[in-house]
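Reviewing the structure listed below.
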Amino acid sequence: MEEARKKPKPYEVQYLDHAFFKDFSTTCTLKSIRPGVKPGDPVVVDIKALRYEPEGGLLYNLCFSSKWKAIPMKQGKSTHTKNAPSPLHSARLPIAASKYRHLQELKPYIRADFHAFYDALPHD
Numbered sequence: 067m068e069e070a071r072k073k074p075k076p077y078e079v080q081y082l083d084h085a086f087f088k089d090f091s092t093t094c095t096l097k098s099i100r101p102g103v104k105p106g107d108p109v110v111v112d113i114k115a116l117r118y119e120p121e122g123g124l125l126y127n128l129c130f131s132s133k134w135k136a137i138p139m140k141q142g143k144s145t146h147t148k149n150a151p152s153p154l155h156s157a158r159l160p161i162a163a164s165k166y167r168h169l170q171e172l173k174p175y176i177r178a179d180f181h182a183f184y185d186a187l188p189h190d
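To get this note's numbering, take the position in the sequence shown, counting from 1, and add 66.
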């Protein structure tokens with residue numbers, strides 16, 4: 067993947083596994099994600115991106131080139147716990163048998179270094 071582009075610079079690749087994904091459903095429940103509080107302030111439709119922090123915070127962005135800002139949380143409007151989110155999955159999720167078969171058919175076009183990864187994929 068890193069070799070897919072050389073100029074202006076190679077892609078930065080982060081390989082993820084099932085442990086990366088967290089369950090945020092119990093850590094923070096907001097009544098509103100409106101970034102402003104008074105008339106004239108930004109509203110929900112102005113949000114370009116939302117980002118959940120590993121510690122449980124929620125950030126928003128009104129412009130892709132601007133800095134991330136925290137969503138203002140009013141007292142009594144949110145249920146927020148200080149517990150870290152738990153893992154979403156305890157093991158790798160299996161893929162369908164047909165998907166596994168198709169990936170096996172693609173192995174002749176993939177570097178041999180990665181064949182063991184495709185062989186070890188959990189499947190139904």
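Cβ coordinates follow ideal geometry from the N, Cα and C atoms, glycine included.
Identity of the residues DSSP links to residue i by a beta bridge
| i | result |
| --- | --- |
| residue 118 | 124 |
| residue 153 | 88 |
| residue 135 | 126 |
Spatial distance of residue i from residue j (CA atoms)
| i | j | result |
| --- | --- | --- |
| residue 75 | residue 174 | 28 Å |
| residue 153 | residue 190 | 22 Å |
| residue 169 | residue 184 | 7 Å |
| residue 96 | residue 123 | 11 Å |
| residue 187 | residue 164 | 12 Å |
| residue 110 | residue 116 | 11 Å |
| residue 158 | residue 166 | 14 Å |
| residue 84 | residue 160 | 11 Å |
| residue 82 | residue 180 | 15 Å |
Neighbourhood of residue i by C-beta, 6 Å cutoff - its chain only, sequence neighbours within 5 removed
| i | result |
| --- | --- |
| residue 89 | 151, 152 and 154 |
| residue 86 | none |
Same chain, Cβ closer than 8 Å to residue i, neighbours up to 5 away in sequence not counted
| i | result |
| --- | --- |
| residue 71 | 77 |
| residue 129 | 114 |
Spatial neighbours of residue i in its chain, beta-carbon cut-off 7 Å, leaving aside the 5 residues before and after
| i | result |
| --- | --- |
| residue 103 | 138 |
| residue 131 | none |
Cβ of residue i within 8 Å of any chain B Cβ
| i | result |
| --- | --- |
| residue 81 | No chain B appears in the structure shown, which is made up of a single protein chain. |
| said: Runs of 3 residues minimum, wholly inside the region 158 to 190: which ones carry the beta strand (DSSP E) assignment? | reply: none
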